[in-house]
Amino acid sequence: MAEDERMESKPQGTSPLMPLVTPSAEQPATPPPGLLTSLPSQLRWVILLVISVAISALLHFAQIPGALLIGPMASAILVATNGARLSVHRYPYIFAHSLLGCIIARALDVETLKAVALDWPVFLAIVIAVVSASSLLGYLIARADILPGTTAVWGTSAGAASAMVLMAEAHGADARLVAFMQYLRVVFVATGAAMMAAFVFNIEGGVARETVWFPETDWLDLGFTLIVAVLAASVGARLKIPAGTMLLPLAATTILHVLGYITLNLPAWLLALAYGIIGWRVGLTFTRRILRHAASALPQIVGSILVLMTFCGGLAFLLWRVMGIDPLTAYLATSPGGLDSIAIIAATTDVDMSFVMALQTMRLIIIILIGPQISSFVASRITPKGQRG
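And the structure:
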């Protein structure tokens, strides 16, 4: 913990386009003390852990999607803005990256791949439409000088929220603002999807599945999975591949999973650990100044979320009218929420689960593949306001 006492959490992947959030402008050489600054480092970690467990449990019992990540991130923001001065070491963070790759790979089962193969032209057209719409919104937000280009694009990207935060950090965006935008949209989309199921389609939600935190585990299979994931993440880190600590484990475990060599049954406690580390890493870089900036951009961010949700709802309408897809299936498949949150809602309603997961997964993969190019393209075409003629 000695390292934590010497280090102030440093923003990761901050864009140079916005001086407000650059380290030099945001943090003085000696940060002002806060409520927690004088406490021993070990006690600050204990406080962070206790608050994280409490908030995560509250969100989990309220059935808020992403509770295991939102809780630790909110807790980390709370202690960081009160002088905690803690930081997550890079090795646990790389381990969390590798687990996130496994989580995404778990969605790529044979049934999902078959659904993609059967309807790939439709899926591709919808994915391109959603990616284009979200990129346009990102461009408009950046053009209005609300957020810098790369941050705006990754923040509006309709993929799995946790994956988008990691990709944003690896490609020069401000991970804090991206996380703020992504998880705000998760809440909006999950709430909207649940309301559509209950009030528009008159479908009663299924009984919420009880989380088994410590299930019976095949430790040999889990150990092999973790070895593959960690080795792949290590290669990604050594080669300095952008987001390689997530992408290489994703590729490696997907191949082994589809071929039947491993079973990606990741226990809930391990997922909670990974999400907690990622949430802490992002949350501990927040300051009061970045919170004020996020709050000032809130109306525009909420507006972009509602516009994207409406656009995706229009795509769902087309799927229903043109292809005869069940309307709730179409709505969940096109919703711009996180992969996990949509999967939870889909699992408790009477929809075509394979179709929903196939479209959501294909969109995530395409965003991972072309997101860096889109963010660079948008950023290169944004002229700072002071330089415009």
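Using my numbering, read the sequence shown as starting at 238 and increasing by one per residue.
The beta-carbon is built from N, C-alpha and C at its ideal position, and this holds for glycine as well.
Residue Leu305 holds the alpha-carbon nearest to the alpha-carbon of Ala505 among Pro270, Ile284, Gln300 and Leu305.
Using a Cβ-Cβ distance cut-off of 8 Å, the region 551-564 and the region 305-324 are not in contact, since fewer than three pairs of beta carbons, one from each stretch, lie closer than that value. Going by DSSP, Tyr328 is part of the alpha helix (DSSP H) stretching over Arg327 to Arg343. Straight across, the Cα-Cα distance linking Ala531 with Gly540 is about 14 Å. Across the set Pro270, Ala466, Asp587 and Val415, the C-alpha of Val415 shows the shortest separation from the C-alpha of Leu535. If you draw a 10 Å sphere on the C-beta of Trp391, you find 16 or more other C-beta atoms in it, and that means buried. DSSP places Arg322 in the coil class of the three-state scheme, outside both helix and strand. Note that the region 338-356 touches the region 595-602; at least 3 beta-carbon pairs, one per stretch, sit closer than 8 Å. In the same chain as Ala480, and ignoring 5 residues on each side of it, the C-beta atoms closer than 7 Å to its own belong to Leu403, Met404 and Ala407, in chain order.
Burial check for Phe417: the Cβ neighbour count within 10 Å reaches 16 or more, so the residue is buried. Taking each of Ala311, Ile538, Leu487 and Thr462 in turn and checking the Cα distance to Leu521, the smallest one comes out for Ala311. Of the candidates Leu336, Arg618, Ala400 and Ala397, Leu336 places its Cα closest to the Cα of Ser471. The residue from Leu496, Ala389 and Arg380 with its alpha-carbon nearest to that of Ser371 is Ala389.
The straight-line gap separating the alpha-carbon atoms of Ile383 and Ile611 is approximately 18 Å. In this structure, Leu601 lies away from Thr393, with their beta-carbon atoms at least 9 Å apart. The C-alpha of Ile619 is placed about 49 Å away from the C-alpha of Phe451.
Following the DSSP letters along the chain, one finds Ser275 in no alpha helix (DSSP H), marked with neither H nor E.
Judged by pairs of C-beta atoms under 8 Å, the region 330-345 touches the region 511-519, as three or more such pairs exist. By the neighbour-count criterion, in which a residue is buried when 16 or more other Cβ atoms sit within 10 angstroms of its Cβ, His494 is buried. Note on geometry: alpha-carbon atoms of Gly516 and Ile527 lie some 16 Å from one another.
Cβ-Cβ distances below 8 Å link Leu543 to Phe425 in the same chain, with the five nearest sequence neighbours on each side left out; the list follows chain order. Listed in chain order, the non-local C-beta contacts of Ala342 below 7 Å within the same chain comprise Leu487, Thr490, Thr491, His494 and Leu501, local neighbours out to five positions each way being set aside. Taking 9 Å as the cut-off, the Cβ atoms of Val368 and Ala395 count as close.
When secondary structure is reduced to three states using DSSP, Gln419 falls in the helix class. DSSP places Arg600 in the helix class (H, G or I) of the three-state scheme.
For Glu348, the enclosing alpha helix (DSSP H) covers residues Val347 to Leu355.
Assignment of Gly551 by DSSP, reduced to helix, strand and coil, places it in the helix class. When rounded, the separation of the alpha-carbon atoms in Tyr420 and Arg475 is 30 Å.
Taking C-alpha positions only, Gly429 is separated from Gln300 by approximately 14 Å. For Gly392, the enclosing alpha helix (DSSP H) has its first and last residue at Gly386 to Thr393.
The residue among Met590, Gly550, Val588 and Asp589 with its C-alpha nearest the C-alpha of Ser572 is Gly550.
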